[in-house]
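*Asks:* Counting from 2, one number per residue, gives the positions in the sequence shown under the working numbering. Attaching a single structure in structure tokens format; questions to follow.
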Amino acid sequence: MKCREFESRIPAYVKGEMDMEEMQDFLEHADSCEECYGELEITYSVMQGIRQLDSEDGVEDGGGTSLSLDSSLYFARERIKRWTAGRIFKYALSTAAFWSVLCALWFQLRLWLVQ
Ligand SMILES: [Zn+2]
């Protein structure tokens with residue numbers, strides 16, 4: 002992810018409108034680029050402030066409790082970890098299923114050929 006792209010995706014991050022793959026790229030960039038992290042910090046607190054004002058005016062607050070950027074990033078990372086682990090698990094499971102079917106076929110074939 003490039004800096005320009007990162008900046009344009011900050012609002013999507015704050016609103017929680019990002020899929021896991023994009024969020025992974027986004028967080029990686031935030032970790033490696035100090036400038037963008039600063040940009041994220043500012044936009045995040047401004048947007049949280051606006052949200053809080055909205056909810057004080059009686060407008061529905063979509064996000065519920067407001068988090069600090071640090072805890073928001075922490076939760077995002079935890080979600081990505083679980084998502085990645087889930088993907089690896091599914092992949093391992095389907096690979097194992099594939100090979101056990103193949104082995105079963107192979108043994109069956111040998112039985113047929115021997116007879
Ligand atoms: Zn950057």
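No residue lacks a Cβ here, since even glycine has one placed at the ideal position from N, Cα and C.
1) For E29, which residues in the same chain have their Cβ closer than 8 Å to its Cβ, ignoring the five residues on either side in sequence?
2) Starting from G39, follow the alpha helix (DSSP H) in both directions and report where the run begins and ends.
3) Mapping DSSP to helix, strand and coil, what is Q116?
4) Figure out for me which residue from L70, K16 and G50 has the closest Cα to the Cα of G39.
5) DSSP three-state call for G20: helix, strand or coil?
6) Using a Cβ-Cβ cutoff of less than 7 Å, which residues in the same chain neighbour I13 once the five nearest sequence positions on both sides are dropped?
7) Can you give me the C-alpha to C-alpha distance between L114 and F108, rounded to a whole angstrom?
8) On a CA-only basis, which of A77, I89 and K91 is nearest G17? Give me that one, please.
*Replies:* In short, the structure shows the following:
1) As a working mapping, residue 29 is identified with position 28 in the sequence shown. The answer, listed in chain order, is M2.
2) As a position in the sequence shown, residue 39 is number 38, starting the count at 1. DSSP places G39 inside the alpha helix (DSSP H), whose first and last residues are E35 to E57.
3) Position 115 of the sequence shown, counted from the first residue, corresponds to residue 116. The answer is coil: DSSP assigns Q116 none of H, G, I, E or B.
4) For the purposes of this step, residue 39 is taken as the residue at position 38 of the sequence shown. Of the candidates L70, K16 and G50, L70 places its Cα closest to the Cα of G39.
5) Position 19 of the sequence shown, counted from the start, is the residue given in the question as residue 20. In the sequence as presented, Gly is not what sits at residue 20; that position holds Asp. The answer is coil: DSSP assigns D20 none of H, G, I, E or B.
6) Locating residue 13 in the sequence shown gives position 12, where the first residue counts as 1. With the sequence shown as reference, residue 13 is identified as Ala, and Ile is not the correct amino acid for it. Answer for A13: M19, listed in chain order.
7) In the sequence shown, counting from the first residue as 1, residue 114 sits at position 113. In the sequence shown, counting from the first residue as 1, residue 108 sits at position 107. Between the C-alpha atoms of L114 and F108 there is a straight-line separation of about 10 Å.
8) To locate residue 17, count along the sequence shown from 1; it is residue 16. Closest in alpha carbon position to G17, among A77, I89 and K91, is A77.
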